[in-house]
Amino acid sequence: MVLLNYIRRKIRIFLRNIEARKILNGGTAMKRKGIFKKTLAVALAAAMTLAMAGCGGKETGAGTADGGSAQTAASGTEAAAGTDTAEKGKEVTIRVMAWDRGNAAPGTTTENNALTQWIQEQVKELYNINVEYVSVPRSESDDKLNIMMSGGTAPDIVFTYDQTLFYSYANSGALHELTDVYNQYGSNIQKFCAEAQDISVMENKKYAVMKQRGTEEPRHMAYIRKDWLDELGMEMPTTKEELGKYLYAVKEKNLGGDTTIPWAMSGRNDTEKMYLNFLGSYVDLPDDRTAYIYNEWYMSVAPGAEEGLKQLNQWYNDGLITKDFPTDTAEDVYMAAISNGSVGFVLDDPYHPHASFEILNNALGHETFVPIQCFDLPDGSYRNPFEYRYAMFVMIPTTTSDEKVEACMKYLNWMADPEVAVKIRYTPDYKTDDLGVAVEPAEAEKNEKGYPGTCDDWCIMNLNFEWANDPEVLAQTSFNNQATQWASLEWYQSIQTVKEVGKFRFPVFSYIAEDEQTYGTDVKTRMIEFVYRCIVAPADQFEATYESGRNELVNAGLQKILDGRAEYFDSQN
1 MVLLNYIRRK
11 IRIFLRNIEA
21 RKILNGGTAM
31 KRKGIFKKTL
41 AVALAAAMTL
51 AMAGCGGKET
61 GAGTADGGSA
71 QTAASGTEAA
81 AGTDTAEKGK
91 EVTIRVMAWD
101 RGNAAPGTTT
111 ENNALTQWIQ
121 EQVKELYNIN
131 VEYVSVPRSE
141 SDDKLNIMMS
151 GGTAPDIVFT
161 YDQTLFYSYA
171 NSGALHELTD
181 VYNQYGSNIQ
191 KFCAEAQDIS
201 VMENKKYAVM
211 KQRGTEEPRH
221 MAYIRKDWLD
231 ELGMEMPTTK
241 EELGKYLYAV
251 KEKNLGGDTT
261 IPWAMSGRND
271 TEKMYLNFLG
281 SYVDLPDDRT
291 AYIYNEWYMS
301 VAPGAEEGLK
311 QLNQWYNDGL
321 ITKDFPTDTA
331 EDVYMAAISN
341 GSVGFVLDDP
351 YHPHASFEIL
361 NNALGHETFV
371 PIQCFDLPDG
381 SYRNPFEYRY
391 AMFVMIPTTT
401 SDEKVEACMK
411 YLNWMADPEV
421 AVKIRYTPDY
431 KTDDLGVAVE
441 PAEAEKNEKG
451 YPGTCDDWCI
461 MNLNFEWAND
471 PEVLAQTSFN
481 NQATQWASLE
491 WYQSIQTVKE
501 VGKFRFPVFS
511 YIAEDEQTYG
521 TDVKTRMIEF
531 VYRCIVAPAD
541 QFEATYESGR
551 NELVNAGLQK
561 ILDGRAEYFD
571 SQN
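Rendered as structure tokens:
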């Protein structure tokens with residue numbers, strides 16, 4: 001019965017997503033040109049595979065990419081973590097990197113708290129492994145990691161989100177090759193984190209194990225004031241042209257008062273979130289090759305993106321976009337403008353603006369912003385870039401002895417078990433709600449029990465719990481977890497529906513060309529500055545600003561990077 005219910009649920013979700021695409025795409029089936037095609041047969045096969053894999057085991061929890069949503073909990077007792085690794089071996093001590101965010105409970109430290117003690121006790125009992133933690137400031141994590149790796153003082157287990165950093169270590173011989181030990185001791189990783197692992201393989205050799213994300217999330221999401229649409233007598237926009245008409249109407253009617261901002265932006269200089277989906281909608285990606293060359297970081301200079309920049313420039317000069325937004329690097333002005341009701345539209349990380357929505361809704365006494373997909377592609381469909389299934393690169397430096405490599409893999413494999421992971425993510429004595437979903441402990445409770453403020457930092461292998469992507473559970477859980485009831489259940493359900501429209505992932509390889517290693521970081525920073533300058537340039541100076549900015553990027557190494565990506569893709573196909 002559980003199996004049948006699971007399959008039925010997967011089919012229902014699949015069909016609902018098809019219907020959502022039809023509605024948001026004007027009844028026209030979305031065209032997908034060779035990239036991540038989906039069919040009902042694939043959905044059914046995936047549902048059967050996942051359901052069968054779960055038969056005979058205990059029900060496990062759901063995970064989220066940002067760790068913010070609660071997760072369906074495992075119902076069993078302590079996990080055995082895999083029969084092939086359960087035998088105790090010779091006593092060995094391993095050192096494991098841990099992020100220090102400065103939010104340890106009173107009387108505890110990052111290295112020594114109730115959670116680290118529980119982990120240490122479990123691993124010692126199961127495998128005779130002693131675990132010592134080495135703290136690294138989260139804000140300086142990669143810099144500190146580089147120093148330790150260069151000086152030969154790195155812990156036995158280290159990690160980063162930076163693919164370029166991983167590739168540099170692997171390519172220079174600084175990491176253990178893990179293929180054999182992974183095959184021998186990585187059964188849980190292979191079972192529960194398989195979707196994430198390919199990126200860590202170079203020339204058929206594995207140099208890291210990848211943390212698997214839980215809930216599949218879009219990189220960015222747009223929101224619009226539904227109450228303002230109603231006041232204007234306008235339908236929900238489904239195209240950029242219709243969005244433009246709405247933005248001009250908001251300005252003309254001064255719906256936010258004297259401080260009306262039809263489209264609010266901030267000036268964060270480390271993310272492309274404020275513009276990427278919009279610019280990308282002007283770009284045609286006819287094949288995987290083009291999509292690989294012009295991934296998210298280079299989308300702003302892809303063929304067609306200039307037209308998108310020109311449109312943003314026009315809207316900025318017509319007063320539709322926040323004046324002088326590039327100076328708001330901390331986003332204080334941006335968030336306050338949303339909260340005080342001045343804003344009509346935003347493009348942001350999916351959940352970042354919710355805190356401001358809550359303030360506004362509570363002040364007005366009704367719902368305001370709703371999620372929207374209106375960035376139509378040249379063929380009328382949508383492209384909604386999603387996070388990759390992998391998260392962190394978890395690595396073992398070559399300074400670690402062979403004996404400890406085996407112990408490290410056992411430790412990581414234990415953490416990959418969903419029943420273990422949910423205890424680490426939500427504390428070993430977590431509670432569940434009526435849905436069987438693990439509830440995030442309050443800060444006061446964590447402090448009282450001696451748990452760290454961010455338990456997810458120790459959950460370095462797996463958030464891929466069984467019901468992680470059940471939209472009904474995710475919506476209901478988010479609704480239940482509101483501090484104040486500022487949004488309805490239907491509102492949270494709409495997020496789950498809209499985010500699936502145009503779901504897309506850029507092709508990715510573990511290889512990074514030398515030029516991209518050399519110039520990539522600088523070019524990515526310059527790219528954001530380039531886009532901001534183009535948007536705020538006087539209308540009669542747009543062309544000159546674009547050309548000079550493009551030339552600066554080329555001189556900084558952009559063309560070498562693009563050529564390198566094209567050459568590598570061609571070599572693999």
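In the working numbering, the protein residues as written are 1 to 573.
The beta-carbon is built from N, C-alpha and C at its ideal position, and this holds for glycine as well.
Bear in mind that the values here come from a model prediction, so they are computed numbers and not experimental data.
As summarised for the stretch 315-363, the continuous beta strand (DSSP E) elements at least 3 residues long and confined to that stretch are 345-348, given in chain order. Its chain contains Y167, A170, N171, S510 and Y511 as the residues whose beta carbon lies nearer than 8 Å to that of M202, once the 5 sequence neighbours on both sides are disregarded; these appear in chain order. In this structure Y185 touches N413 by the C-beta definition: roughly 6 Å separates them, less than 8 Å. Residue nearest to D349 within the set T329, P218, N204 and G267 is P218 (criterion: CA-CA distance).
Taken in chain order, the unbroken stretches of beta strand (DSSP E) that lie wholly in the stretch 149-225 and span 3 residues or more are 158-160, 209-212 and 221-225. Per DSSP, the continuous beta strand (DSSP E) segment holding T93 begins and ends at V92 to D100. When C-alpha distances from G244 are compared across T110, P378 and C374, the shortest belongs to C374. Three or more beta-carbon pairs separated by less than 8 Å are not found between the stretch 229-249 and the stretch 395-409, which leaves the two stretches without contact. The shortest C-alpha to C-alpha distance from L175 to any of E500, F357, M395 and A305 is the one to M395. Going by beta carbons, G151 and W228 fall outside the 8 Å limit.
In the DSSP assignment, N130 falls within the unbroken beta strand (DSSP E) covering I129 to P137. Between K503 and N384, the C-beta gap is smaller than 8 Å, which places the two residues in contact. Spanning the alpha carbons of L474 and G436 requires a straight line of approximately 12 Å. The way I'd put it, the stretch 447-459 doesn't touch the stretch 479-497; fewer than three beta-carbon pairs between them come closer than 8 Å. The straight-line gap separating the alpha-carbon atoms of V123 and M409 is approximately 12 Å. Taking C-beta atoms as the reference points, A513 and G564 count as a pair closer than 8 Å. Here DSSP, grouped into helix, strand and coil, assigns T259 to helix. For the pair G267 and Y532, the CB atoms are nearer than the 8 Å cut-off.
R289 places its beta carbon 8 Å or farther from that of F506. Between L347 and H220, the beta carbon gap of about 6 Å places them in contact (Cβ cut-off 8 Å). V370 is bridged by DSSP to I224. By the criterion of a C-beta distance shorter than 7 Å, E307 is surrounded in its chain by Y282, once the five residues flanking it on both sides are discounted. Nearest C-alpha to D379 among A566, P538 and K240: K240. Segment contact: the stretch 258-273 against the stretch 310-325, three or more CB-CB distances shorter than 8 Å; contact assigned.
Residue pairing for T432: DSSP places it in a beta bridge opposite A438. Distance from I94 to V131 at the Cβ level is roughly 6 Å; contact confirmed, criterion being Cβ atoms closer than 8 Å.
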